[in-house]
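Under my numbering, the letters of the sequence shown match residues 1 to 161, in that order.
A short worksheet on the structure shown next.
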Amino acid sequence: LFDEPLSNLDAKLRVQMRAEIARLHQRLGTTTVYVTHDQVEAMTLAKHIVVMNKGVIQQVGAPLELYNHPTNTFVAGFIGSPAMNFFDASAVEENGALVARGNGFAIPIPEAFKPGSPESETSCSGSVPSTSSRATAGLPTSRAASRSSSRWAPRSTRWGM
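Put into structure tokens, the structure is as follows:
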């Protein structure tokens, strides 16, 4: 068990020790529990990450799985730097197509992710400044679609972009 082992080190020593811990882990070939609030440590050292909020597990997965396919808005807002920004949107039908409409914007929603009743759906959207990825929270996770530079991950009526 490693409980915040690098938290009191300066940046240079932290990088060196992170590499040493990774080498030690690989050499010993044993399971290690590494507790940290530092995303860089978690993302670089872990094969699997457990994201918790107030003592409740939010998501378990590989680092890139958590980044690319967050299961809820907490994980989407927690993982990544810069953090994802969120804004409210509603799913509405316009000319037979489903659109996420917010204050001053409208984003087409692919047919594959169409919720049951758009008039009653409200969602929370988010954006990451350097990407154009979108994630949702609650639909079946087995469906996925990709289009050009965007990643779509159906999860629910909550959208992260």
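We treat Cβ as the ideally placed atom computed from N, Cα and C, and that holds for glycine.
Keep in mind that this is a model prediction, so the values were computed, not measured.
Burial state of L24 is exposed, judged by a 10 Å Cβ sphere holding fewer than 16 other Cβ atoms. According to the DSSP assignment, V40 belongs to the alpha helix (DSSP H) that extends over Q39 to L45.
Your pair V35 and D3 checks out as a contact, with CB atoms roughly 5 Å apart and the cut at 8 Å. Taking a 10 Å sphere around the C-beta of N95, we find fewer than 16 other C-beta atoms and assign the residue as exposed.
Take D38, set aside five residues on each side of it, and the residues of its chain with a beta-carbon closer than 8 Å to its own are L6 and S7, in chain order. Within the DSSP secondary-structure output, M52 pairs in a beta bridge with I57. Sequence-distant Cβ neighbours of A22 in its own chain, meaning closer than 8 Å and more than five residues away, are T44 and L45. Per DSSP, N103 lies in no beta strand (DSSP E) segment and is marked neither H nor E.
Rounded to the nearest whole angstrom, the CA to CA distance from E41 to A97 is 43 Å. For A76, the enclosing alpha helix (DSSP H) covers residues T73 to F78.
Contact between A89 and A100 holds, with the beta-carbon distance rounding to 4 Å and staying under 8 Å. Where V15 is concerned, the enclosing alpha helix (DSSP H) starts and stops at A11 to L28. C-alpha of Q16 to C-alpha of Q26: approximately 16 Å in a straight line.
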